[in-house]
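Novice: Residue numbers (full-length UniProt numbering): 1 to 417.
Listed below in structure tokens is the structure:
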């Protein structure tokens, strides 16, 4: 029989025990920081294709003269027979390598013609999600979202784009929240858990090439895309800034423009003028865009974001013509490339100098376009009436192939079961 002999701890044993406990607590704290709260970013440990600090410095240590000038053009909301001809018109513009420009479409569900979404994708544009419902009540809906609600809005829209637009799941990489109401840690956690590549919802005024913060002598400059491994330097604007770490999840900052009143506007729709020149003069529209673009182009060549809704151009020849004039101006510049958000991030991950940009595969015409997964003979029109989740008596949905879902697909029910 073995006896267990107990005795009081000696001083040395007590110190060893306390030392071991301290080590355990330190390890727990470090693990908590890695999995939870984001720390300050160190470029020496966050500098590869999967990690980048929030910074105005060009990727790869390139000097401004070596950097291609990227213009990121995005459109929000549904894709319909009404706005599709305008989108189709824009595809006639080409980059200096003679490849068509690429646009990112952040798509919502209501009124969307999924066959046209598929067509945009096959034309070389990027398709991303913008929620299912786009509910207009920011205060009582978007600011009170829980995890399930975020998942249903973000992931269900991705599912619908795959189900009804026949777009591969892996090709749907990004998200923009309605009204740019950034949802803090919960929203980004859902994006990370569901393998999204990036978010493009977060505006910034302080990090622009034109705004001078109080107490500073000059503008900070615009940010390049970065990952959320560490705490962002971006200021909190609309919504709630994330504080946790989301390794490998990219963020494309939405840099504010300056309108003709000298005020900030992140969406082109919100840009205004002291008089009515943006309503009456195509030259005024083009000149406002040129002024904002040149702040990027002739300083550090940080990306210039052009974020807009197609509805801004409806019934306005002035806006339409001014916008076209600006795009035509861009085509005269040999260092300017109009790209989608995912193309910009791919370049940020693996930067190449302007002299070598023709060999950068994501921007080449050789990049294989998606096959025709939505043949016209299979297109199916789906009509719904009766009890609907939207504030309409009837709902319409055109999909790549039938049969139509039994019920109108919606938040929490993307299959229409």
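Glycine residues also receive a C-beta, built at the ideal position from the N, C-alpha and C atoms.
For the stretch 132-139 and the stretch 101-109, state whether three or more C-beta atom pairs, one from each stretch, are separated by less than 8 Å.
Specialist: Verdict: yes, contact present.
Novice: Express the C-alpha separation of residue 152 and residue 175 in angstroms, rounding to a whole number.
Specialist: Taking the straight line from one Cα to the other gives about 13 Å.
Novice: Out of 332, 205, 300, which one is the CA nearest neighbour of residue 238?
Specialist: Closest option to residue 238, Cα to Cα, is 205.
Novice: Tell me whether the beta-carbon of residue 307 lies closer than 9 Å to the beta-carbon of residue 76.
Specialist: Cβ distance < 9 Å, so residue 307 and residue 76 count as in contact.
Novice: Ends of the alpha helix (DSSP H) at residue 395?
Specialist: Unbroken run through residue 395 is the beta strand (DSSP E), 394-399; no alpha helix (DSSP H).
Novice: Apply the 10 Å Cβ neighbour rule to residue 44 and answer buried if 16 or more other Cβ atoms are within range, or exposed otherwise.
Specialist: Exposed is the call here.
Novice: Please state whether the Cβ-Cβ distance between residue 467 and residue 349 is less than 9 Å.
Specialist: No statement about residue 467 is possible, as the shown extent of the chain runs from 1 to 417 and does not include it.
Novice: Would the beta-carbon of residue 187 fall within 9 Å of that of residue 150?
Specialist: Yes.
Novice: Suppose you measure from the CA of residue 103 to the CA of residue 391; what does that come to, to the nearest Å?
Specialist: Going from the Cα of residue 103 to the Cα of residue 391 covers about 30 Å.
Novice: Would you mind sorting residue 403 into buried or exposed? The rule is 16 or more other CB atoms within 10 Å of its CB.
Specialist: By the 10 Å Cβ count, residue 403 comes out exposed.
Novice: Check whether the Cβ atoms of residue 182 and residue 207 sit closer than 9 Å, and answer yes or no.
Specialist: Contact flag unset, no.
Novice: Check whether the stretch 300-316 and the stretch 72-88 are in contact - that is, three or more C-beta pairs closer than 8 Å.
Specialist: Touching, yes, given that three or more Cβ pairs across the two stretches are closer than 8 Å.
Novice: Can you tell me which residues form a DSSP beta bridge with residue 127?
Specialist: Answer by DSSP bridge pairing, in chain order: 105.
Novice: To the nearest whole angstrom, what separates the beta carbons of residue 430 and residue 344, a pair I think is in contact under 8 Å?
Specialist: Given that the chain is displayed from residue 1 to residue 417, the structure contains no residue 430 and the question cannot be resolved.
Novice: Quick check: what's the CA-CA separation for residue 99 versus residue 120?
Specialist: Each residue's Cα considered, the two are about 15 Å apart.
Novice: Considering only residues of the same chain and omitting the five flanking positions on each side of residue 118, which have a CB-CB separation below 7 Å?
Specialist: Correct list, in chain order: 165, 166, 167, 373, 374, 400.
Novice: Quick check: the Cα distance between residue 62 and residue 352, rounded to an integer number of angstroms?
Specialist: Rounded to whole angstroms, residue 62 to residue 352 spans 9 Å at the Cα level.
Novice: DSSP puts residue 402 in a beta bridge; with which residues?
Specialist: Paired residue(s): none; residue 402 is not in a bridge.
Novice: Below 8 Å, can you find three or more Cβ-Cβ pairs linking the stretch 241-252 to the stretch 287-298?
Specialist: Not touching, per the Cβ criterion.
Novice: For residue 37, which residues does DSSP report across the bridge?
Specialist: Note: residue 37 sits in a beta bridge opposite 244.
Novice: Give me whichever residues DSSP pairs with residue 255 in a beta bridge.
Specialist: Residue 255 pairs with 204.
Novice: Can you tell me whether DSSP reads residue 304 as helix, strand or coil?
Specialist: It is a strand residue.
Novice: Among the candidates 366, 417, 356, whose CA atom is the shortest distance from the CA of residue 66?
Specialist: It is 356 whose Cα lies nearest to the Cα of residue 66.
Novice: Is residue 156 near residue 412, with beta carbons less than 9 Å apart?
Specialist: A contact, by the Cβ cut-off of 9 Å.
Novice: Please list the terminal residues of the continuous beta strand (DSSP E) segment that includes residue 385.
Specialist: That run of the beta strand (DSSP E) goes 380-385.
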